[in-house]
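The structure appears below as structure tokens.
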Amino acid sequence: MNKIKLGLCQLKVGYDKEKNISKAVDMIKTSSENNADIVILPEMFNCPFQNQEFIEFAEEETNSKSLDAISKIANDENIYVLGGSIPEKDSETGKIYNSSYLFDDNGKIIAKHKKVHLFDVNIPGKLHSNESDVITPGDKFTVADTKFGKIGIALCYDIRFPELARLMTLNGAKILFYPGAFNFVTGPAHWELLFRTRAVDNQVFCVGVSPAVNENLKYHAYGHSIVVDPWGTILAQADHDEKLFFQEIDLDKVDTIRKEVPTLKNRRNDFYEVIFKKN
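So the numbering used here is basically just the index in the sequence shown, starting at one, shifted up by 1107.
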């Protein structure tokens, strides 16, 4: 058995950065007390998912209250933390990225993913978003080596693009993590569907962690943080509200299902290819 216990932190994010960070730290500490191996925070865990807030809450990697706090608690509690994402400001160019950081159990940053696909959508009468007005896209996929094996890291809208999930899978990832902030238009329609589909496509565990709904914000996150196994079975899912919950997964299941239904082995590499551009 090759089991890992995940802690999913569905934070109710608000306008108070210090409070957002404090909640995240408390949930990480509680996760450690419950013997979690990896704790996952939501996309933009330190600020509301709004373009203006990305500008106001942006932090440089080397001067970040948010990252420093997560690094310290990861080290203190000897636990891996995927820090959802923050608006990261490049100190040289001034560009802002939607960046996710993975900390090991010594509090060291061992991987970083800059959101590749930005949430620019227009559903008349329902939803309009132009993340690219503020955020600069990344241009690489991210697979991290951990003591649990290789894991893939992407963010929210990235899950709609099967090529990115396949790149992470072909580079050894057995878990794909997508901190995300779907909404009440796209969430009910596609959140569960996409996580189950990416899991089945690649025969991996697929994990999404969202902020909880906060009616006081302009953008209402859908919640419903989720864990799906390589067969497409939902192992755990939250509702809309703030919640910390845990789910144990067995990575041996990846190998078992890939032997039973060898879709990755049966790909037609003579017919198509996926090009690698890795961090």
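All residues carry an ideal CB built from backbone N, CA and C; glycine is no exception.
With contacts defined as CB atoms closer than 8 Å, G1330 and Q1117 qualify as a contacting pair.
When DSSP states are grouped into helix, strand and coil, P1194 belongs to the strand group. A straight-line Cα-Cα distance of about 9 Å links P1286 and G1190.
For the pair T1304 and I1186, the Cα-to-Cα distance works out to about 29 Å.
Between the beta-carbon of W1298 and that of F1312 there is about 16 Å, and that puts the pair past the 8 Å contact cut. Sixteen is the threshold: since fewer than 16 other Cβ atoms of the shown chains lie within 10 Å of the Cβ of H1235, the residue is exposed. Three or more Cβ pairs drawn from the stretch 1227-1247 and the stretch 1199-1211 lie within less than 8 Å of each other, which places the two stretches in contact. Between the C-alpha atoms of M1275 and A1345 there is a straight-line separation of about 26 Å. Excluding five sequence positions before and after A1181, the CB atoms of its chain that fall closer than 6 Å to its own CB belong to V1188, F1210, G1214, given in chain order. About 4 Å separates the beta carbon of H1220 from that of I1260, a gap short enough to meet the 8 Å contact definition. If you draw a straight line from the Cα of A1165 to the Cα of K1366, it is about 45 Å long. Going by DSSP, T1253 is part of the beta strand (DSSP E) stretching over 1249-1253. Here P1295 is exposed. Its C-beta has fewer than 16 other C-beta atoms within 10 Å. Under the rule that a run must span 4 or more residues, the alpha helix (DSSP H) segments found entirely inside the stretch 1330-1379 read 1359-1367.
Burial is judged here by how many other beta carbons sit within 10 angstroms of a residue's own beta carbon; I1217 has fewer than 16 and is exposed. CA-CA distance, D1357 to V1228, rounds to 36 Å. By the C-beta density criterion, F1378 is exposed, having fewer than 16 other C-beta atoms within 10 angstroms. For P1269, there is no enclosing beta strand (DSSP E); the enclosing alpha helix (DSSP H) has its first and last residue at 1269-1277. Look at P1295 here: in three-state DSSP terms it is helix.
In this structure, P1194 lies near F1161, with their beta-carbon atoms less than 8 Å apart. By the neighbour-count definition (other C-beta atoms within 10 Å, threshold 16), G1232 is an exposed residue. Rounded to whole angstroms, the separation of the alpha carbons of N1109 and N1170 is 37 Å. For N1323, the closest alpha carbon among the candidates W1338, S1129, Y1122 is that of Y1122.
With contacts defined by Cβ atoms closer than 8 Å, S1178 and L1262 do not form a contacting pair. D1227 sits in a strand when the DSSP states are folded into three classes. Taking 8 Å as the cut-off, the Cβ atoms of L1113 and I1147 count as close. In this structure, H1347 is the residue among D1144, K1281, H1347 with its C-alpha nearest to the C-alpha of A1319.
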